[in-house]
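The structure under discussion appears below in the form of structure tokens.
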Amino acid sequence: MVWWNKGEEFASCGIGHFIWYTADKPMWFWEAFPPMLRFLVAHGARPPHWLTLRTHCVWPNYEAWKRAKAKNTKRMRELTDFLDRTKGLQARFMLHRLNASYPKILAYARAHGQGKIVETNYRRLLYRRDGRIDPQGAYILIDYINFKGDGINPGERYQGKGWGLYQVLTRMNPKDPDPCHAFSVAGKRVLERLIHIAPPERRLWRFRRGWFNRMDTYLRRKR
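Per this note's numbering, the very first residue in the sequence shown carries number 3; after that it's consecutive.
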């Protein structure tokens, strides 16, 4: 529930690995923890008294987080317990984010001549042929946008190229009869490109296995 990847400048908290910045090292990626916390509080959740909507990450770096984790400090316990108790609300926030973001993604796609392919692939994932919601496709859309963003934020670019939901939707193979498989394959290609175009000092190759394992969860299980 409370994690920090070695080499990153931020903690990742909750079921959606919501980014939480320290006070002195804000970055250009969308910080999801504060709006997630705001959503939880608005729906009746009660965080620890020290955790407010303006609270920055309480550990200044990875080493401090690691020590707190090892000692199981009071704040670590309280935050972990709070996030564990609110997993359902966190899931609702993730769905809320997708629903709020999709119209913006579609408008961006239309402005860049990609409206038809984005809308088609989004609907292929979200709906079965009989019109019912496809749980696996819904999971993919909800998870990926919370994993790598919507893809339309100009601040989330390396060498002018993004890696969010928009980029994956536009790269799905239209001839693949299984949209979940098509998304997984396209997602791996987008993430592979991200690894290659990111500044070398970020050493994103370290996360390749974990990222690709996540893409594999998007595949339908064979029965």
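Beta carbons: idealized from backbone N, C-alpha and C, even for Gly. Note that the structure is predicted; figures quoted are calculated from it, not measured.
Proximity of residue i and residue j at Cβ, strictly below 8 Å
i      : j      : result
Met174 : Ile144 : no
Gln92  : Gly16  : yes
Gly9   : Arg211 : no
Phe12  : Trp22  : yes
Met78  : Val170 : no
Leu81  : Leu39  : no
Thr44  : Gly18  : In the sequence under discussion, the amino acid at residue 44 is Ala, which differs from the Thr named in the question. Against a cut-off of 8 Å, the Cβ pair of Gly18 and Ala44 comes out as no contact.
Ile1   : Arg99  : It is not possible to answer for residue 1, since the shown part of the chain is limited to 3 through 225.
Phe20  : Pro49  : no
Gly216 : Phe149 : According to the sequence shown, residue 216 is Arg rather than Gly. It is a contact, given that the beta carbons lie within the stated cut-off.
Cβ-Cβ separation, residue j to residue i (assumed contact under 8 Å), whole Å
i      : j      : result
Cys182 : Gln116 : That pair is no contact at about 21 Å.
Ser186 : Tyr220 : 4 Å
Tyr110 : Tyr168 : 7 Å
Leu55  : Thr88  : At roughly 15 Å, the Cβ-Cβ gap does not stay under 8 Å, so Leu55 and Thr88 are not in contact.
Ala70  : Trp61  : 6 Å
Segment limits, alpha helix (DSSP H) that includes residue i
i      : result
Cys182 : 181 to 199
Gly212 : 210 to 218
Gln92  : 89 to 113
Val43  : 35 to 44
Lys73  : 64 to 73
Residues bridged to residue i (per DSSP)
i      : result
Tyr129 : Ile135
Cys15  : Val4, Phe20
Lys163 : Tyr160
Sequence-distant residues of its chain with Cβ nearer than 7 Å to residue i (five each side left out)
i      : result
Ile135 : Leu128, Tyr129
Gly164 : Gly153, Glu158
Arg208 : Gly9
Ala140 : Leu128
Cβ shell of residue i (< 6 Å), same chain only, five flanking positions each side left out
i      : result
Asn123 : Leu171, Met174
Tyr64  : Trp6, Lys8
Sequence-distant residues of its chain with Cβ nearer than 8 Å to residue i (five each side left out)
i      : result
Asp86  : Met3
Arg222 : Gln138, Asp180, Cys182, His183
The ligand ZN heavy atom lying under 7 Å from the CB of residue i
i      : result
Arg195 : You won't find the ligand ZN in this model; it holds no ligand whatsoever.
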